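Residue numbers (my numbering), protein chains in the order written: chain A, 510 to 622; chain B, 168 to 281.
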């Protein structure tokens, strides 16, 4: 069935360093890839997304890249800050009439001051 | 504009009890979703709805029922609660038009079954 694998499950970086989280999807028909940030005890919140007709998208310190051939996409956070500490989820979706998401299992990012 | 509102925020049940979780959205979204979130397993889809009066099963539907009598509301029911249903439940909604519609989440309901 449809599957999204996310790595690593935990990631610790020093403040100011970059962080990279990678996801691989199985359904080649997937064409929308959102990333969510979830702080402890809070709701998941969309931080960036990318559609399959685009290879890269940036929003200030956050960027997402997509490799359709390899079926993987990555989240890049530069100049990390303590407030970036959270759990990050990737997801994949396709234009099937339901727009269901298949979520990765999450990455706990810790930014060490 | 409150977005997606879930009630209650917390609940403790005994095994075998029933309850209903309510999700309400004020964004006129067609699509609504119920997820459960367990440690290390991400968000798993329980049931979803593509419009008023329609519902469908997600990947973990057993033990749950849903109803979408009004466009703005999506109810999740547990008929006979089991300890395995202890989890955090999130509701989400999105527009239906076109690919790439972000899902907007509520604050969650933390449910414990004793």
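Heads up, the beta-carbon is just placed ideally off N, CA and C, and yes, glycines get one too.
Every value quoted in this text rests on a predicted model; they were computed, and no experiment measured them.
Own chain partners of residue i with C-beta closer than 7 angstroms, once the 5 adjacent residues on each side are dropped
i, result
"residue 588/A", "525, 570"
"residue 564/A", "574, 575"
"residue 528/A", "520, 522, 586, 589, 618"
Identity of the residue in the options nearest residue i by Cα
i, options, result
"residue 240/B", "192/B, 223/B, 247/B", "192/B"
"residue 558/A", "210/B, 190/B, 267/B", "267/B"
"residue 505/A", "547/A, 560/A, 619/A", "Residue 505/A lies beyond the residue range present for chain A, which begins at 510 and ends at 622; the question has no answer from this structure."
"residue 187/B", "246/B, 210/B, 252/B", "246/B"
"residue 534/A", "603/A, 513/A, 547/A, 552/A", "513/A"
"residue 542/A", "201/B, 214/B, 278/B, 269/B", "269/B"
"residue 219/B", "190/B, 208/B, 234/B", "234/B"
"residue 602/A", "582/A, 549/A, 621/A", "582/A"
"residue 554/A", "280/B, 281/B, 279/B, 273/B", "273/B"
"residue 189/B", "208/B, 236/B, 206/B", "236/B"
"residue 208/B", "611/A, 537/A, 540/A", "611/A"
Below-7 angstroms beta-carbon distance, residue i vs any chain A residue
i, result
"residue 278/B", "no"
"residue 269/B", "yes"
"residue 272/B", "yes"
"residue 244/B", "no"
"residue 188/B", "no"
"residue 236/B", "no"
"residue 218/B", "no"
Chain B contact for residue i (CB, 7 angstroms cutoff)
i, result
"residue 560/A", "yes"
"residue 543/A", "yes"
"residue 597/A", "no"
"residue 582/A", "no"
"residue 549/A", "no"
"residue 555/A", "yes"
"residue 570/A", "no"
"residue 615/A", "yes"
"residue 534/A", "no"
For residue j and residue i, believed in contact at Cβ under 8 angstroms, the rounded distance
i, j, result
"residue 616/A", "residue 518/A", "6 angstroms"
"residue 252/B", "residue 230/B", "6 angstroms"
"residue 609/A", "residue 212/B", "6 angstroms"
"residue 280/B", "residue 182/B", "6 angstroms"
Cβ-based neighbour list, residue i, same chain, cut-off 6 angstroms, excluding 5 preceding and 5 following
i, result
"residue 199/B", "216, 241, 260"
"residue 599/A", "515, 532, 544, 613"
"residue 307/B", "The requested residue 307/B does not occur in the structure, where chain B is confined to residues 168 to 281."
"residue 530/A", "584, 597, 616"
Neighbourhood of residue i by C-beta distance below 8 angstroms, restricted to the same chain and skipping five residues each side
i, result
"residue 210/B", "202, 203, 204, 257"
"residue 263/B", "196, 197, 198, 217, 218"
"residue 185/B", "244, 245, 246, 247, 248"
- Message: Whether or not the region 580-594 of chain A and the region 520-532 of chain A are in contact is what I'm after, with contact meaning three or more pairs of Cβ atoms, one per stretch, closer than 8 angstroms; do they touch?
- Response: yes
- Task: Evaluate the contact criterion for the region 168-181 of chain B versus the region 223-234 of chain B: three or more CB pairs, one atom per stretch, below 8 angstroms.
- Result: no
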